[in-house]
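The block underneath contains the structure these notes are about, expressed in structure tokens.
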Amino acid sequence: MAEMVMPLDVTANETLVQQEAEAIERIQELRPILGDDVVILGHHYQRDEVVRFADFQGDSYQLSQEGSKVKAKYILFAGVHFMAESAVVLGREDQVVILPNMQAGCSMADMANLEQVLTAWSELEDVLGADPENVVMPVTYMNSAADLKAFVGEHGGTVCTSSNADGALKWSFAQREKVFFFPDQHLGRNTGKAMGIPLEQMVLWNPFKPYGGLTDDEIRNAKIILWRGHCSVHQQFRPEHVDLWRKHHPDVNVVVHPECMMQVVDKADFVGSTSYIVKKIDQAPAGSKWAVGTEMHLVNRLKNKYTDKMVELLSPFSCLCSTMYRISPIDLANVMENLVEGRVINQITVPETVKRNAKLSLDRMLSIPR
Ligand code: 13P
Ligand code: SF4
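Quick note on numbering: this note's numbering labels position 286 of the sequence shown as 572, and the sequence is numbered without any gaps.
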């Protein structure tokens, strides 16, 4: 029997395009009405139709720094859930943080939860025969839930982002012998390697196995215990992609985000946060060629802006952060419309004790020199 092919619903797509165009017009009308009461923060990965409305655009470090200084009562966060939570923690009591689409999370942040981290901590205590706090510094990547930041804050540790992981590790090793780094194994490994820590001393903790699937000796000899988490977008970049670019364009510059696997970072010319990538390409001479290993919306924006340079995605396939993409102009118009009518929807909140302890680790991060 012939296979039935479902026709593409072209009208549904046209309706969405039309709705988004109307939403953009609506945002333009609503923005002046909301005035200084509202500030819109946007991450580099947001799509153009959303980020064009951001009063401030940046990487997650810059957004948390900016978020802590915002005067406006309402912060509309065009980013993902963990970023909005951090804005709540760093913001004032009377401020309201709104995430235009509550489904905008981060799959990497979901790879570590408090229960798993508490289990790991007590297993480390068991093996090391001491309060882990005397030996191990917990460091959480910004891409984690607020209760993990609170755990880290309570145990003397710090948050880090892709732009200051090196400083966070140096700060940690100045105080304790080991680092427990979660949830991104790649950022932890790439940073540790750049600091000269041998690979054998960076072990991988599998949260689904007792004692992380490690032997006592592996734990005792480790300098960095890396959580088995990763970014599903950045893991799509492979070392073969770098080889391919170099084969066809020997003069290409390869710049990647440190969430890429070590084999990709090792082959790249430059590695850094989203803002580092933006700056690198902005400052590059006309005619230079760039293959970029990070989320495609940012790469496409750079490609369209710097037409005098060649800017392409490192991978031949689309590398889309589908959770960032969940925020559409329709969502942004919706939360703004509600605000104009005096209603707050999609407010992000953090329980008081979590907030207090998470603030400790975020404040430490902001005070560590980069
Ligand atoms: P940046 O801190 O470099 O903006 O990265 C955030 C992120 O989620 C990358 O995937
Ligand atoms: Fe999370 Fe990866 Fe998306 Fe960044 S790109 S928000 S780490 S899923």
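Positions of the beta carbon are idealized from the N, C-alpha and C atoms, including for glycine. Bear in mind the structure is a predicted one, so any value in this text is a computation, not a measurement.
In terms of CA proximity to residue 374, 633 leads the group 656, 654, 633 and 655. When DSSP assignments are scanned along the region 570-627, the uninterrupted stretches of alpha helix (DSSP H) that are 4 or more residues long and fall wholly within it turn out to be 582-591 and 615-626. In the three-state reduction of the DSSP assignment, residue 511 falls in the strand class.
For residue 329, the enclosing beta strand (DSSP E) starts and ends at 324-329.
DSSP places residue 385 outside any alpha helix (DSSP H), giving it a letter other than H or E.
Here the alpha carbon of residue 539 sits roughly 8 Å from the alpha carbon of residue 574. Secondary structure at residue 496: helix, using DSSP grouped into helix, strand and coil. By the criterion of a C-beta distance shorter than 6 Å, residue 498 is surrounded in its chain by 491 and 492, once the five residues flanking it on both sides are discounted. Relative to ligand 2, the beta carbon of residue 586 is positioned no closer than 8 Å to any heavy atom. Contact check for residue 423 against residue 350 fails: the beta carbons are separated by 9 Å or more. The continuous alpha helix (DSSP H) containing residue 640 extends over residues 638-653. DSSP assignment within the region 323-371 yields the following whole alpha helix (DSSP H) runs of 4 residues or more, N-terminal first: 334-337 and 346-353. Assigned with DSSP and collapsed to three states, residue 633 falls in strand. Distances from the alpha-carbon of residue 559 to those of 431, 448 and 404 put 448 closest.
Residue list for ligand 1: 345, 346, 447, 448, 559 and 560 (CB closer than 5 Å to any heavy atom, chain order). A direct Cα-Cα distance of roughly 45 Å separates residue 627 from residue 513. In terms of Cα proximity to residue 479, the closest of 455, 377 and 463 is 455. Residue 518 has its alpha-carbon roughly 7 Å from the corresponding atom of residue 393.
Within the same chain, 488, 512 and 548 come within 7 Å of residue 475 by CB-CB distance, once the 5 residues on both sides are set aside.
Inter-segment contact for the region 398-412 and the region 607-618 is absent: fewer than three beta-carbon pairs are separated by less than 8 Å. Excluding its 5 nearest sequence neighbours in each direction, residue 466 has C-beta neighbours in its own chain below 6 Å: 422, 424 and 511, listed in chain order. Residues 640, 643 and 644 of the same chain have their beta carbon placed closer than 6 Å to that of residue 436, with the five preceding and five following residues left out of the count. Taken through DSSP and simplified to helix, strand or coil, residue 421 comes out as helix.
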